[in-house]
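Okay, structure first, notes after.
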Amino acid sequence: MEKRLKQQRNRLFLRVTLILTAVWIAVSAAYCVISLYIEKINVQNRELANISYIKERLSVGVSSYDIVNNIFLSNRGLTYSESGNEKNSENQIILINSETGEKVADTAGKIGVQYGIKEDEEHSLNVYGFISYDTVRNQLSSEQYRRAEKWFSTKRDDGKHYELVCTKFCIRYVEFIPLELKVAGVGDEDAWFVSDEIADTFKLKDITEKDETVYVCNDMRRNIVPWNFLLNGAYNSDLVNLLTNEQRSKITETVSTGFLEYIFYSSDYIYLNNESLYNYLEDYSVNKNNSSDDSVYMLQYAKKFKLYDNIGGTLALGIAVIFVFFLTIAFILCFMIWKMMEVQILQEQKRNDMTNALAHDIKTPLFVISGYAYSLKEHIDESERDSYLEQIIEQTEEINSLVHKMLNLSRLDSYAMTLNRTEFDLYELMNEICGKIKFLPDGKSISLTHGGNNTISADKELIKTAVRNLTDNAVKYSLPESEISIDITDGTLTISNKSEPMTKSELKQIWQPYVRKDKSRHAKGNGLGLSIVKSVLDLHGIKYDMRFKDSTLTFRAVFLH
838 MEKRLKQQRN
848 RLFLRVTLIL
858 TAVWIAVSAA
868 YCVISLYIEK
878 INVQNRELAN
888 ISYIKERLSV
898 GVSSYDIVNN
908 IFLSNRGLTY
918 SESGNEKNSE
928 NQIILINSET
938 GEKVADTAGK
948 IGVQYGIKED
958 EEHSLNVYGF
968 ISYDTVRNQL
978 SSEQYRRAEK
988 WFSTKRDDGK
998 HYELVCTKFC
1008 IRYVEFIPLE
1018 LKVAGVGDED
1028 AWFVSDEIAD
1038 TFKLKDITEK
1048 DETVYVCNDM
1058 RRNIVPWNFL
1068 LNGAYNSDLV
1078 NLLTNEQRSK
1088 ITETVSTGFL
1098 EYIFYSSDYI
1108 YLNNESLYNY
1118 LEDYSVNKNN
1128 SSDDSVYMLQ
1138 YAKKFKLYDN
1148 IGGTLALGIA
1158 VIFVFFLTIA
1168 FILCFMIWKM
1178 MEVQILQEQK
1188 RNDMTNALAH
1198 DIKTPLFVIS
1208 GYAYSLKEHI
1218 DESERDSYLE
1228 QIIEQTEEIN
1238 SLVHKMLNLS
1248 RLDSYAMTLN
1258 RTEFDLYELM
1268 NEICGKIKFL
1278 PDGKSISLTH
1288 GGNNTISADK
1298 ELIKTAVRNL
1308 TDNAVKYSLP
1318 ESEISIDITD
1328 GTLTISNKSE
1338 PMTKSELKQI
1348 WQPYVRKDKS
1358 RHAKGNGLGL
1368 SIVKSVLDLH
1378 GIKYDMRFKD
1388 STLTFRAVFL
1398 H
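The sequence shown lines up with residues 838 to 1398 when you count with this note's numbering.
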């Protein structure tokens, strides 16, 4: 029986686990798809806001120089966080003169910077512009690049780190052309460039043109050239060039470039002149043919992003929460279903045991009846005929009693059983049962006492059956010449009688069908009495127990709570 229960439980757990695992995978997949879609929409909205920011910056410019300068200032704001650290992003801004087709500005391979220059011994000026990866990399010789790599791969023990500082440069349009770079040891306490420790100096290739001014950085500001910018081959690649002409012709487009990798692209025409610095064109079909001057520009913006980088942690947490939820559901379902199955399996096993025991108990009376019937068939003497008939009747009544008890027990264990509750006095019921016992064998006696309120609400017929079986059991198994003590006080029934010794194991098994104190099948009774008592009391929710102490077996049941 135990092996069968274990096999059933394992099968149940496996089925529930497989089903809920499949549901978890489906729900997690749906959650990921929906979350990624929402994040994609959010990225698009953020990038549209960035485009508005770029247009706002462009509205400040009143000359071609200012317009280009603001392009790189805008890109700097999109590339750097408020703390000054580089954001993990790759974007590109292009401004094209719609009349001439001239590319006024392109941030691919470039980075916006703010450098300080020394005007004279007492005055300095901060200037915005950009540096180009190609320009700086071409000016550095291979030997200088290897030296720089060595410095920036060195870890210092004093808490300082190295920065690449541009100390001399010229300005061509809005591009800074470095002419001298220095490797400076920088500490947190060092506020000014003049206090930095200079580790190495690189004289770059001189590409200045005639009459170009060479500027020197001031002592208070570090004109930093980000080493990662040079090491990684520029932050911003030519994203727009990766798109097809059809994709670039759209106002907004999000193009997949790999697994969860996208390029967001947007293009728009803007109108810039001295009188009206910032206007949206209502007609997006404006082109060279209907433009009257060079104040109409096409603004192209591209941003590369990976959805998983944005919400990878959130997705992992969400999937884990969903897993824990379904795992909890699996345990609850397994527990509830298993409890129901366990009851059904135990009931089935109980019925099988009862059927086998019933067949065993009926076998002997049927054998006796058969024997006496054959004897009657042989035309025995009239003096023995009545005795044979009485035996047949007695055995028939025993079988009938056994079948009735079996039916009652089966009815009590069924889910369809309902209680017909009424209020009655438990003492009066017990007094009625004891009054019908006319003869007690072996010099046994019964004492009945009561006290307090004993009116209870229960199914009277079922309680009567249970109390009668308890009394019959006490009379049957009490020791000769002993007294059976029955007390009913405040709805608590106590029945005590002297008994042969009983172990804890026997006390547990005594409530099971066909378990009797006397192991011999020749003893009077069928072992169903206490099983019926248990079923009746369980059906009413009544607390009860059976204890053995000092040669006395005591049953106690609390009918009033």
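We put the beta carbon where it would ideally sit given N, CA and C, even for glycine.
In this text the structure is predicted, and so the values were computed from the model without any measurement.
- In the three-state DSSP reduction, T854 falls in the helix class (H, G or I).
- If only uninterrupted alpha helix (DSSP H) runs of at least 4 residues are considered, those enclosed by the stretch 1287 to 1330 are 1297 to 1314.
- Secondary structure note for H960: it is in no beta strand (DSSP E), with a DSSP letter that is neither H nor E.
- In the three-state DSSP reduction, C869 falls in the helix class (H, G or I).
- Following the DSSP letters along the chain, one finds D971 in no beta strand (DSSP E) but inside the alpha helix (DSSP H) bounded by residues Y970 to Q976.
- With contacts defined by Cβ atoms closer than 7 Å, Y1264 and H1287 form a contacting pair.
- DSSP places N1055 outside both helix and strand once states are collapsed to three, so it counts as coil.
- A residue is called buried when at least 16 other Cβ atoms come within 10 angstroms of its Cβ; Y1102 meets this threshold and is buried.
- The alpha-carbon of K1371 is positioned some 21 Å away from that of K1386.
- DSSP places L1344 inside the alpha helix (DSSP H), whose first and last residues are K1341 to Q1346.
- In the structure shown, the three-state DSSP call for Y1010 is coil.
- For K987, the enclosing alpha helix (DSSP H) has its first and last residue at S979 to F989.
- Between I1229 and I1199, the gap from beta carbon to beta carbon reaches 7 Å or more.
- Assigned with DSSP and collapsed to three states, A945 falls in coil, not helix or strand.
- Cβ-Cβ distances below 8 Å link R1305 to I1270 in the same chain, with the five nearest sequence neighbours on each side left out; the list follows chain order.
- DSSP places T1050 in the coil class of the three-state scheme, outside both helix and strand.
- In this structure, the straight-line span from the alpha carbon of L1152 to that of A866 is close to 10 Å.
- Boundaries of the alpha helix (DSSP H) around Q1084: N1082 to R1085.
- G953 carries a strand assignment under DSSP once its states are collapsed to helix, strand and coil.
- The stretch 1278 to 1298 makes contact with the stretch 1316 to 1329, as at least three CB pairs between them are under 8 Å.
- S978 counts as exposed, since fewer than 16 other C-beta atoms from the protein chains shown sit within 10 angstroms of its C-beta.
- For the pair G1328 and F1392, the CB atoms are not nearer than the 7 Å cut-off.
- Residues K1297 of the same chain have their beta carbon placed closer than 6 Å to that of F1261, with the five preceding and five following residues left out of the count.
- Between Q1084 and V1077, the C-beta spacing is not below 7 Å.
- If you draw a straight line from the Cα of T972 to the Cα of I1014, it comes to about 7 Å.
- Straight-line spacing of the CA atoms in I1156 and N1147 works out to 16 Å.
- Counting only residues of its own chain and dropping the five nearest sequence neighbours on each side, V864 has a CB closer than 8 Å to the CB of I1159 and F1163.
- Sequence-distant partners of D1309 (beyond 5 residues in either direction) whose C-beta falls short of 7 Å from its own C-beta, in its chain, are G1366.
- DSSP places G1095 inside the beta strand (DSSP E), whose first and last residues are T1089 to G1095.
- Bounds of the alpha helix (DSSP H) holding V1370 are G1366 to H1377.
- Taken through DSSP and simplified to helix, strand or coil, V1020 comes out as strand.
- Closest in C-alpha terms to A985, from the list E936, D1033 and R974, comes R974.
- The continuous alpha helix (DSSP H) containing E1265 extends over residues L1263 to G1272.
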